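Here the structure is laid out as structure tokens; the discussion comes afterwards.
There are 2 protein chains.
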Amino acid sequence: MIDYISRKANLQLKMQQKQIDAIIITQNVDLYYFTGSMQTGNLVIPAKGEAIFFVRRSVVRAEQESAVAVEALNSLREFEAILQERFPVTFSEAKQAARKLTIATEFDVLPVQHFRRLESALPDVEWVDGSMLVREARMIKDAYEIGRIQEAARVIDIALEHAIAHVREGMTEVALMSLIETTLRQNGHLGLMRMRGYNQEIITGMVGSGAAAAEPTYFDGPAGGRGLSPASPQSSSNKRIELNEPILVDIGCCIDGYVIDQTRTIVIGGLDDQLTFAYRIAESILRSTETYLRPGTMCDELYTLALGQAAEAGLSEFFMGFGADQVKFLGHGIGLEIDELPILAKGFKLPLEAGMVIAIEPKFTFPGRGVVGLENSYLITEQGYTKLTCSREGIISIHP
Amino acid sequence: MIDYISRKANLQLKMQQKQIDAIIITQNVDLYYFTGSMQTGNLVIPAKGEAIFFVRRSVVRAEQESAVAVEALNSLREFEAILQERFPVTFSEAKQAARKLTIATEFDVLPVQHFRRLESALPDVEWVDGSMLVREARMIKDAYEIGRIQEAARVIDIALEHAIAHVREGMTEVALMSLIETTLRQNGHLGLMRMRGYNQEIITGMVGSGAAAAEPTYFDGPAGGRGLSPASPQSSSNKRIELNEPILVDIGCCIDGYVIDQTRTIVIGGLDDQLTFAYRIAESILRSTETYLRPGTMCDELYTLALGQAAEAGLSEFFMGFGADQVKFLGHGIGLEIDELPILAKGFKLPLEAGMVIAIEPKFTFPGRGVVGLENSYLITEQGYTKLTCSREGIISIHP
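Residue numbers (the UniProt record's numbering), protein chains in the order written: chain A, 1 to 400; chain B, 1 to 400.
Now the structure itself:
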């Protein structure tokens, strides 16, 4: 069902263009993408020819799961000799040209300690950063991946509707969040969403109400939430949900490894004029953005357009966070991780391509009062786009 | 309440012994331990004198949370000049001795890309691995930390009893796991447990029944579980719980950042003689281990003793995983992360010290049949130990 041969071929094409002889992949999500297995090990993909997944643990499980040939490898001591034997063409080409091998690995996630072990095991190598290579390869989704994200979108809608039916004045944010998590688990959510960024955690997203949603956080998103404690300073808190304040429900789930990311604004009662106006502007930014969603549109243009619309409405300082804590993007790729490429951000000069899946999340933060906005996930197609999010839009008002 | 001054002083003593001029801490959990805040930034602790937390985001939040002085720092461009100004003694001492500054950072978790940015920003530095320095400092818990782990132990017992009351034949593993997660969330669980190891994820632990619990995994523990998919090849699966098979409930939660880790064996009906015997041996290993829990006992001795007892019972090949997938330890430290120091493992030549908190988990894996065993967490005291786990022991049999 999953076309691992194409995935490898796409990566190899990029490697050949960049004159990289091989890539050694070690991160769990990247391993899964290229092999179908997340067992611990080193996946070696040469610029040409077949890959080998050198597995430390569990070899038994990797053999069941991996679409790529598996070899047991417990220590890196013999790694150089084994690679020379398994990839003779790669080594001999470099030797004939009297140059070092160029090997890429994922500098954005690989800890220094692990990297130094690789450096010691393979001393005659010029190491280069393969992060963008892998992230760009994973940026374009295939049919299987789109299907999984669609399933995640279906599940998150069930959880949202359940939350809408059960939210009550006086309930804590975390109680509503827990209801959502339970529904997600009953519908196949793996129990975590993965995030690539160093130190970033997403849990299941957040239910954030009123002032608590508007608190600034380290989280690399427009609204992180107060959280339960400084030991988890983001997401839902023990604050009780009140009448007439925005309840931001920014949630996701993970189905067979693939995540969805969506946001809706709920209120028990009604929002005041300024918050209602800001919500309408967020919706209008999303509608305008949609008209540009097609291959060829530059990612940074979408961000610039949104900034312009927020400014026109007189809401610049509230857009995508408040003041010094604003984030500088409008949307981000999703897939096996929540923080994938592309990024709709200033300076991100990449044209949209068919197969990208992007969460777009115009939001406005009002300190002390709350966050309003919405977020949908879209698939870019040859013709334009398909909206993957299937939840109802608009301010979702509940009678007190 | 939390004595950040002692925490810093302990680390500085170790730094002075190792002739390290300063440490730059970047990982969220380590930042929290030394500052009380998890905001994104670089915490600089010199070998002598006051620390400064250079925060990128959110500065506002860091100022509310941090016990250490906060300075905003958006880019590393001026970092060297700023450090020279803020830490004149550190820099001048190195200059007078005509040597480079020695700065440590957490090589075990810091990605290569981030480290290279630090290297570029501070080119005249000899970088050393500060992972063990930080992990050893965090290994000895203070009164606040012990209190939080005790609270986590209390909460996990509530969740266990709720699970015992609700487990039924035909229920899926993940349904029981979800019940546990809901109880935990209602009692303050932050929604995630942290694990330091590269690529390691723990979610909330696992409910694993019969054959599914015994499947090998990449997870660095004696029993990982089948999981819902190769995209999350550990923890609970959709397997239905059957009569007369062991249900391993290896769960934890996170209260104010601190985790507990405990395991109990449940059965609806009864276990056969071999599984019952193996459970009794696990209990007997735990009882023997307890008699050695006091300052001065070497960590590796406890592992060797357990191996001996498993061998005496004729159960060596089933101990701590099966065959090639066995793990080589009996227990591990817990605290802000689930995989802390010390490790009760071969070659881990460190004496127990008062203030260590250790999860000890003798387990036996029978492929195709299940995993039996138990796990308690202990505080090492001057006199011996205090058991922190408060759940009932023994095979917990439920009438079908």
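By construction, the Cβ of each residue, glycine as well, lies at the ideal position given by its N, Cα and C atoms. None of these values were measured; they are calculated from a predicted model.
Strictly below 9 Å CB to CB, what residues from chain A border residue 229(B)? 188, 190, 255, 256, 257
Whose CA, out of 194(A), 363(A), 73(A), lies closest to the CA of residue 310(A)? 363(A)
Which of the three DSSP states is assigned to residue 14(B) in this structure? helix
Is it buried or exposed for residue 99(A), if we count other Cβ within 10 angstroms and need 16 for buried? exposed
Is DSSP giving residue 8(A) helix, strand or coil here? helix
Under 8 Å: do the segment 109–124 of chain B and the segment 111–120 of chain A share three or more Cβ pairs, one atom per stretch? yes
Proximity winner among 36(A), 135(A), 241(A), relative to residue 1(A) (alpha-carbon distances): 36(A)
Consult DSSP for residue 88(A) and reduce its assignment to one of helix, strand or coil. helix
At 3 residues or longer, what runs of the beta strand (DSSP E) sit wholly inside the segment 289–343 of chain A? 329–333
Would residue 286(B) count as contacting chain A if we go by Cβ distances under 8 Å? no
Identity of the residues DSSP links to residue 363(A) by a beta bridge: 373(A)
Let me know the secondary structure DSSP gives residue 221(A) once reduced to three states. coil
Expected contact under 8 Å - CB spacing of residue 74(B) and residue 172(B) to nearest Å: That belief does not hold up - the Cβ atoms of residue 74(B) and residue 172(B) are roughly 48 Å apart, past 8 Å.
Contact set for residue 216(A): own chain, Cβ-Cβ below 6 Å, skip 5 residues either direction: 325
Who does residue 187(A) pair with in a DSSP beta bridge? DSSP, once it has assigned bridges, lists no residue as partnering residue 187(A).
Are the CB atoms of residue 214(B) and residue 54(B) nearer to each other than 8 Å? no
Pull the bridge partners of residue 19(B) from the DSSP assignment, please. Per DSSP, none; premise fails for residue 19(B).
Kindly indicate if chain A contains any beta-carbon less than 8 Å away from that of residue 150(B). no
Indicate whether the contact test is met: 3 or more Cβ pairs, each with one atom in the segment 274–287 of chain B and one in the segment 381–388 of chain B, closer than 8 Å. no
Along the alpha helix (DSSP H) that carries residue 41(B), what are the first and last residues, could you check? Per DSSP, residue 41(B) belongs to no alpha helix (DSSP H); it is in the beta strand (DSSP E), 40–46.
Residue from 49(A), 30(A), 33(A), 58(A) whose Cα sits closest to the Cα of residue 40(A): 58(A)
Would you call the segment 180–193 of chain A in contact with the segment 7–17 of chain B, where contact means no fewer than 3 C-beta pairs closer than 8 Å? no
Between the CA atoms of residue 315(A) and residue 81(B) - distance to the nearest angstrom: 37 Å
Can you pull the DSSP bridge partners for residue 226(B)? DSSP lists no partner for residue 226(B).
Cβ closer than 9 Å: which chain B residues qualify as neighbours of residue 123(A)? Within chain B, no residue comes near residue 123(A); the closest Cβ sits about 17 Å away, beyond 9 Å.
Mind the definition here: the segment 283–301 of chain B touches the segment 255–267 of chain B only if three or more C-beta pairs lie below 8 Å; say whether that holds. no
Taking only runs of the alpha helix (DSSP H) that begin and end inside the segment 194–269 of chain B, which ones reach a length of at least 4 residues, in chain order? 210–213
Give the interface partners of residue 276(A) over in chain C, defined as CB-CB distance under 9 Å, in chain order. Any reference to chain C falls outside this structure, whose protein chains are A and B.
Below 8 Å on the Cβ atoms is my contact criterion, and I expect residue 373(A) with residue 297(A) to pass it. Report the Cβ-Cβ distance as a whole number of Å. Their Cβ separation, rounded to whole angstroms, is 21 Å, which puts residue 373(A) and residue 297(A) out of contact at 8 Å.
Under 8 Å by Cβ, that's how I've got residue 241(A) and residue 180(A) pegged, so tell me the actual separation to the nearest angstrom. Not really, about 13 Å apart at Cβ, beyond 8 Å.
Apart from the five residues just before and just after residue 159(A), which ones in its own chain have a Cβ nearer than 6 Å to its Cβ? 180, 183, 184
Helix, strand or coil at residue 392(A) according to DSSP, with G and I counted as helix: coil
Evaluate residue 46(A) with the Cβ neighbour count: other Cβ atoms within 10 Å of its Cβ, from every protein chain shown; 16 or more gives buried, anything less gives exposed. buried
Counting only C-beta atoms, is residue 244(B) closer than 8 Å to chain A at any point? no
Just to confirm the assignment, what range does the alpha helix (DSSP H) spanning residue 118(A) have? 112–121
Apart from the five residues just before and just after residue 380(B), which ones in its own chain have a Cβ nearer than 8 Å to its Cβ? 293, 294, 295, 352, 353, 354, 355, 356, 357, 358
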